[in-house]
Each structure stands twice: as C-alpha cells, then as structure tokens.
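Peer 1: Please read through the structure below; I'll follow up with questions.
In mature numbering (1 follows the signal peptide of the UniProt record, and there is no 0), the protein residues as written are -18 to -1, 1 to 145.
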C-alpha cells in the first residue's frame, strides 16, 4: 500500500493525474482497487488514442538527480501512468560530447514511441554533474520541464556517550 500511495503522491505532485478529487478516498482502499482504477483509465485513454499517430518525440520532462538517489524509482513510478512514456535507458545526450554531436534527431530516436497526449520523460543522473547539460537542455526546448531530484544522506550513527 505504501508503494501505491507514493506513486499516487508523485503523480499528484507532478499534476499528471487529477480527476475531480477521485483519489482523495483512495488512501483508504486496498491496492487492487487502486490498480484496477489505473488500468481502467489506461484502457480508456488507450482506446481513444488508437487513431492518433504514434511517434518518437523529444522529451517534455527530464529527471536530473544524483546517482543512486532514486531517479530510476521515480521514473518507474511515473511510467506506470498511461499518459507518461518513459525512456528505458539513460541516454547521456546532454552530458557526453560524443552523443551530443549526433544531434537532436539521434536523441529523438532514443525515445519511446508516444502519443501526442502523452508526456515523454527521460532520466540521466549524469546531467546533475555536467556543466553543459543545463544550457543544452534549455537550448533544445525552453518549455521542457525538469525535476532536479536528490537526497540528503543521514549522518552516520554515533555511539551514545551517555550509555
């Protein structure tokens, strides 16, 4: 239940899923009811989109974070939503010169096929440490949304001096 709640919280925070407060009471429901609701919505969205064109698109969302900071988990949770198309691997387009020189067409070819109503998202933690990445992302598309994702490690436990 905690995983589903975290997923719903992420979706709600990102503004991807909000349907007249439908999930307000979902915190009290069991996991299978919530998953079934998500699957039903996916089927509705999928059937509406059959006639539309599917193609590879540049991302409208980029997750930037520290290595081992949970960026993969965030991407996986977001990709459960039917309106999110997530790249399956780290592309390293904006931080590796050899990939950046291949151009935007190459970068677009690394993305999954998506529908015009979907948000294409990719994540590469390497962008966090790159000096060039922010400017290159901005140059590609000024409207792209990005999530700077990190964590603050807890200090190491110290022995209690009073014990």
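Heads up, the beta-carbon is just placed ideally off N, CA and C, and yes, glycines get one too.
Computed from a prediction, not measured in an experiment: that's the story for all the values here.
To the nearest angstrom, how far is the alpha carbon of residue 126 from that of residue 120?
Peer 2: Going by the C-alpha atoms only, they are around 8 Å apart.
Peer 1: With C-beta atoms as the reference, is residue 106 less than 8 Å away from residue 73?
Peer 2: Yes, the Cβ-Cβ distance between residue 106 and residue 73 is below 8 Å.
Peer 1: If you reduce the DSSP assignment to three classes, tell me which class residue 92 lands in.
Peer 2: Note: residue 92 maps to coil in three-state DSSP.
Peer 1: Contact check, residue 36 vs residue 95 under 8 Å by CB: the rounded distance?
Peer 2: With 8 Å as the limit, residue 36 and residue 95 qualify as a contact, their Cβ atoms being about 5 Å apart.
Peer 1: Whole angstroms is fine: what's the gap from residue 112's alpha carbon to residue 98's?
Peer 2: Cα-Cα distance, rounded: 30 Å.
Peer 1: Let me know if residue 104 comes out buried or exposed under the rule of 16 or more other beta-carbons within 10 Å of its beta-carbon.
Peer 2: Per the 10 Å Cβ criterion, buried.
Peer 1: Roughly how many whole angstroms lie between the Cα atoms of residue 90 and residue 75?
Peer 2: In a straight line, the C-alpha of residue 90 is about 10 Å away from that of residue 75.
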